[in-house]
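> Could you have a look at this structure, given as structure tokens, before my questions?
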RNA sequence: GGUGGCGUGUCCGAGCGGCCGAAGGAGCACGACUCGAAAUCGUGUGAGGGUAAAAACCUCCGUGGGUUCAAAUCCCACCGCCACCGCCA
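Numbering (the numbering used here), first residue to last: 3 to 432.
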């Protein structure tokens, strides 16, 4: 939900953002007129309410002779108020709908354009030379680590079992990620994967990409696609203590995605699946600190991939590919030898106040400097970044670190979490 | 799932049809006293809105409806919390 003050004072900024995103500019004008309509309705209702309250008070002090007339006036006003309030409610709902339709104002630094208009800002490492590379599913099958056939049998397409060393890899990656997060000062969190509608909506996932989200109709709950949702909702309707900022959480949860509209894409293996587990970083920061925090999250994501000894590049995602909540997003794409391509592994977004506004999260600070110790309420910014999306990371590790004999090299930083193993080989026997 | 109790400001807690945005206390901020601190005393202290600001005004007492000229207070539904029972990893 964007700041209405900005829309009123600087509509061209919002229009420019819509243009950069390739989104509808007229939504901005619709929003402006909805805002004006609401203000008119509110002041009308306010005035009538004031009159009615006054009339109502007069009833009490009226003498017996005056009473019938006074009561009549109060009744008339009460009816008028009821009508005005209905108008007000309608105007407020219309405004909210118009406001939800407008995505966050893309950063001027984000490249304009769509999915293919990203800018590469760093490339790390040199793609490993692998002759006749196997893909991660072949290797996973050799190692008896991934079983997609039984995944499909039990749950359908895009489901999988991790078995043996595959299961151990997941736990190793999760523990490694959580240990790093803890070391960085994040509070480790195990977050629920089911959330209420207002939380899902508050994080901006029910907008253009609502079809991506699983919904449990019988219970009015949604399955999260990322623990970002639960971590954003964690402080909803709260006023935080500004002195406590930044608040940083590392959430572990299952993530569910319908993958509607991705038929035929990544159908093999576990790169694109309906369910995976993920460790997600989430920060609440002061608004003026958001851009710096975004860089920090990016740094920490890079360190994690460095620790996994992967070759990757960092891209500055174009405005049209940001998602509704973010003003800027960086993706880290790692090299998959079998595909001869970089594929997204992690991602970090700066959502500024877009989510906190919807979720009603603010911060209270005692006056800076010379003032009288009065308290101020200020908005907060939220940011998120993936530390480790497990399934895809496993896919990448198997592909990237494969050896000619089908075994897999274990990066040094991961070894302590795998009982010191330096290489993954097919289990002996059948 | 069943029965009973309860949901009020940062917290505790009163109010149970009419200047109630809400007593009292705690906390916090500022000031006085003090070399300084504690204690004590004084003052202030919710959020949002129409507005950029002051005064005045409007909204908010779990949420949503309803009754009434008037609702924190009465009625209904829902949600949540607590207790006991049932069930369960």
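Ideal Cβ placement from N, Cα and C applies to all residues, glycine included.
1. Looking at the structure shown, is residue 333 part of a helix, part of a strand, or coil, going by DSSP?
2. Which residue comes first and which comes last in the beta strand (DSSP E) that contains residue 257?
3. Between the Cα of residue 399 and those of 255, 356, 272 and 367, spot the shortest distance and give me the residue it belongs to.
4. Would you kindly work out how many angstroms separate the C-alpha atoms of residue 318 and residue 80, rounded to a whole number?
5. Are the segment 171 to 189 and the segment 389 to 409 touching by the rule of at least three beta carbon pairs closer than 8 Å?
6. Report yes or no: do the segment 264 to 280 and the segment 290 to 301 share at least 3 C-beta pairs separated by less than 8 Å?
7. Run through the segment 181 to 225 for me and flag every whole alpha helix (DSSP H) of 4 or more residues, listed as ranges in chain order.
8. Nearest CA to the CA of residue 353: which residue from 338, 323 and 205?
9. What are the boundary residues of the beta strand (DSSP E) that residue 42 is part of?
10. Please classify residue 120: does DSSP put it in a helix, a strand, or coil?
11. Assign residue 19 to buried or exposed, taking buried as 16 or more other Cβ atoms, counted over all protein chains shown, within 10 Å of its Cβ.
12. Report yes if the CB atom of residue 146 is closer than 8 Å to the CB atom of residue 429, and no otherwise.
13. As a quick exercise: from 412, 84, 74 and 100, pick the residue whose alpha carbon is nearest that of residue 30.
14. So residue 216 packs on residue 225, CB below 8 Å; how close in whole Å?
15. Going by alpha carbons, who is nearest to residue 365 out of 320, 289, 323 and 62?
16. Quick one: complete beta strand (DSSP E) runs, 3+ long, within the segment 352 to 430?
17. In its own chain, which residues sit with a C-beta less than 7 Å from the C-beta of residue 44, not counting the 5 before and 5 after it?
18. What residue does the beta strand (DSSP E) around residue 242 start on, and which one ends it?
19. Hey, quick one: how far does the beta strand (DSSP E) through residue 287 stretch, first residue to last?
20. Kindly confirm or deny that the segment 231 to 241 and the segment 181 to 195 touch, where touching means at least three C-beta pairs closer than 8 Å.
21. If you measure between the beta carbons of residue 106 and residue 230, is that distance less than 8 Å?
22. Could you say if the segment 44 to 63 and the segment 8 to 26 meet the contact criterion of at least three C-beta pairs nearer than 8 Å?
23. Tell me which residues share the same chain as residue 2 and place their Cβ nearer than 7 Å to its Cβ, disregarding the 5 neighbours each side in the sequence.
24. Kindly indicate which three-state DSSP category residue 8 falls into: helix, strand or coil?
25. Which whole-angstrom value describes the C-beta separation of residue 252 and residue 189, a residue pair presumed to lie in contact below a C-beta threshold of 8 Å?
26. What did DSSP end up calling residue 310 once you bin it into helix, strand or coil?
27. Counting C-beta neighbours from all protein chains within 10 Å, is the total for residue 222 16 or more, i.e. buried, or is it exposed?
28. Under DSSP, the alpha helix (DSSP H) around residue 70 begins and ends at which residues?
29. Rounded to whole angstroms, what's the CA-CA distance from residue 284 to residue 220? Just pull it up for me.
30. Sorted by chain position, which residues of the same chain lie with C-beta nearer than 6 Å to residue 242's C-beta, five sequence neighbours on each side aside?
31. Leaving out five residues before and five after residue 348 in sequence, what residues of the same chain have Cβ atoms less than 8 Å from its Cβ?
32. Say whether the segment 136 to 151 touches the segment 401 to 416, bearing in mind that this needs 3 or more beta-carbon pairs closer than 8 Å, one atom from each stretch.
33. To the nearest angstrom, report how far apart residue 2 and residue 54 are at their CA atoms.
34. Exposed or buried, which one is residue 4 when buried takes at least 16 other CB atoms within 10 Å?
35. What does DSSP give as the partner residues of residue 343 in its beta bridges?
36. Quick one: what does DSSP say residue 141 is sitting in, helix, strand or coil?
In short, the structure shows the following:
1. Residue mapping note: residue 333 aligns to position 331 of the first chain, counting from 1. Residue 333 falls in the strand class under three-state DSSP.
2. In the first chain, counting from the first residue as 1, residue 257 sits at position 255. Here the beta strand (DSSP E) through residue 257 covers 249 to 258.
3. Position 397 of the first chain, counted from the first residue, corresponds to residue 399. Nearest C-alpha to residue 399: 272.
4. As a working mapping, residue 318 is identified with position 316 in the first chain. As a working mapping, residue 80 is identified with position 78 in the first chain. Whole-angstrom Cα-Cα distance: 57 Å.
5. yes
6. Too few Cβ pairs lie closer than 8 Å, so no.
7. 199 to 204
8. To locate residue 353, count along the first chain from 1; it is residue 351. The option with the nearest alpha carbon to residue 353 is 205.
9. To locate residue 42, count along the first chain from 1; it is residue 40. If you look at residue 42, you'll find it isn't in any beta strand (DSSP E); it sits in the alpha helix (DSSP H) that goes 28 to 63.
10. Against the first chain, residue 120 aligns to sequence position 118. Here residue 120 sits in coil by DSSP.
11. As a position in the first chain, residue 19 is number 17, starting the count at 1. Answer is buried; the Cβ neighbour count reaches 16.
12. Walking along the first chain from the start, residue 146 turns up at place 144. Walking along the first chain from the start, residue 429 turns up at place 427. Their beta carbons are under 8 Å apart, which means residue 146 touches residue 429 by this criterion.
13. For the purposes of this step, residue 30 is identified with residue 28 of the first chain, where counting begins at 1. Of 412, 84, 74 and 100, the residue nearest in Cα terms is 100.
14. Residue numbering aside, residue 216 sits at position 214 when the first chain is read from its first letter. Residue numbering aside, residue 225 sits at position 223 when the first chain is read from its first letter. Yes, residue 216 and residue 225 are in contact; Cβ-Cβ is about 4 Å, under 8 Å.
15. Walking along the first chain from the start, residue 365 turns up at place 363. Nearest of 320, 289, 323 and 62 to residue 365, Cα basis: 289.
16. 364 to 368 and 377 to 391
17. Within the first chain, residue 44 is the residue found at index 42, counting from 1. 90, listed in sequence order.
18. For this step, residue 242 is matched to residue 240 along the first chain. That run of the beta strand (DSSP E) goes 241 to 243.
19. Position 285 of the first chain, counting from 1, holds the residue named residue 287. Its beta strand (DSSP E) spans residues 277 to 288.
20. Flag = yes, the segment 231 to 241 and the segment 181 to 195 touch.
21. Your numbering for residue 106 matches position 104 in the first chain. Your numbering for residue 230 matches position 228 in the first chain. Contact flag unset, no.
22. At 8 Å Cβ cutoff, the stretches do not touch.
23. In the structure as shown, the chain starts at 3 and stops at 432, and residue 2 therefore has no counterpart that could be examined.
24. Here residue 8 refers to the residue found at position 6 of the first chain. Three-state result, residue 8: helix.
25. Along the first chain, read from residue 1 onward, the residue named residue 252 stands at position 250. Along the first chain, read from residue 1 onward, the residue named residue 189 stands at position 187. So it is a contact: roughly 7 Å between Cβ atoms.
26. The residue labelled residue 310 in the question sits at position 308 within the first chain. Three-state DSSP puts residue 310 in coil, outside helix and strand.
27. Residue numbering aside, residue 222 sits at position 220 when the first chain is read from its first letter. Answer is exposed; the Cβ neighbour count stays below 16.
28. As a position in the first chain, residue 70 is number 68, starting the count at 1. Looking at the DSSP string, the run of the alpha helix (DSSP H) that includes residue 70 is 69 to 102.
29. Residue 284 sits at position 282 when you count from the first residue of the first chain. Residue 220 sits at position 218 when you count from the first residue of the first chain. Between residue 284 and residue 220, the C-alpha separation is close to 30 Å.
30. Translated into positions along the first chain, residue 242 becomes position 240. Contacts found: 365.
31. Residue mapping note: residue 348 aligns to position 346 of the first chain, counting from 1. Contacts found: 303, 306, 307, 333, 334, 387, 388, 389, 390 and 391.
32. yes
33. As shown, the chain starts at 3 and ends at 432. That puts residue 2 outside it, with no answer to give.
34. Taking the first chain and counting its residues from 1, one reaches residue 4 at position 2. Buried: at least 16 other Cβ atoms inside 10 Å.
35. Reading the first chain from its first residue, position 341 is the one you call residue 343. Paired residue(s): 338.
36. As a working mapping, residue 141 is identified with position 139 in the first chain. In this structure, residue 141 counts as helix in the three-state DSSP scheme.
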